[in-house]
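Undergrad: By numbering that gives the first Met the number 0, the letter at position 120 of the sequence shown is numbered 119, and the numbering carries on one by one without gaps. Okay, handing you the structure first.
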Amino acid sequence: MSRTLLTAFNNILIKFVAELIETYPQENTFRVLKAIISLMKKVNPRKVLHIFMKNVAPYKKRLLHRDETFFLNENYSAIMEDSSNKKDAWQLMSKLKLYWKYTSQENKNVIWNYFKILLTLAEKIQ
Numbered sequence: 000m001s002r003t004l005l006t007a008f009n010n011i012l013i014k015f016v017a018e019l020i021e022t023y024p025q026e027n028t029f030r031v032l033k034a035i036i037s038l039m040k041k042v043n044p045r046k047v048l049h050i051f052m053k054n055v056a057p058y059k060k061r062l063l064h065r066d067e068t069f070f071l072n073e074n075y076s077a078i079m080e081d082s083s084n085k086k087d088a089w090q091l092m093s094k095l096k097l098y099w100k101y102t103s104q105e106n107k108n109v110i111w112n113y114f115k116i117l118l119t120l121a122e123k124i125q
């Protein structure tokens, strides 16, 4: 595994959450999530990737195809089946679901692009 790619993955994920904070400043969940990811990056950077892959990879096809029903109708059952770290991943996805219908097309495109970049990097690292 390339340490450079892992560092890039973690930095991009943190940047993604920072942009969510900027877009949805009223939502404290994203601030907490950013702090958790930043701490995990320092303690165990590989764990961040592992959690992302375990919780997001099952939805890869829908994310890459920009399937809006993913944010509008999904209950994220794959995330809830995982007993470890499910709360943080589920909160991120459920908050995106909450705001999705009010999000501008421009911001939706940014979110889709972040998922595409993160999924691509994650696959290269594994």
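Every residue gets a Cβ at the ideal spot worked out from N, C-alpha and C, and that includes glycine.
1. With DSSP run on the structure shown, which of helix, strand or coil describes Asn9?
2. Report the three-state DSSP secondary structure of Gln90 (helix, strand or coil).
3. From which residue to which residue does the alpha helix (DSSP H) around Asn27 run?
4. Is the segment 60-76 in contact with the segment 30-40, if contact means three or more CB pairs nearer than 8 Å?
5. Roughly how many whole angstroms lie between the Cα atoms of Asn74 and Arg61?
6. Report buried or exposed for Val31, applying the criterion of at least 16 other Cβ atoms within 10 angstroms of its Cβ.
7. Please classify Ala34 as buried or exposed, where buried requires at least 16 neighbouring CB atoms within 10 angstroms.
8. Taking the continuous alpha helix (DSSP H) assigned at Thr119, which residues delimit it?
9. Comparing alpha-carbon positions, which option in Phe51, Thr119, Glu26, Ile50 lies nearest Lys96?
TA: Taking the definition as stated:
1. Helix.
2. Annotated three-state conformation of Gln90 is helix, per DSSP.
3. Asn27 -> alpha helix (DSSP H) spans 27-42.
4. Touching, no, given that fewer than three Cβ pairs across the two stretches are closer than 8 Å.
5. Distance between the alpha carbons of Asn74 and Arg61: 14 Å.
6. Label assigned to Val31: exposed.
7. Its Cβ having fewer than 16 others within 10 Å, Ala34 is exposed.
8. 104-124 is the extent of the alpha helix (DSSP H) around Thr119.
9. Ranked by how close their Cα comes to the Cα of Lys96, the residues Phe51, Thr119, Glu26, Ile50 have Glu26 in first place.
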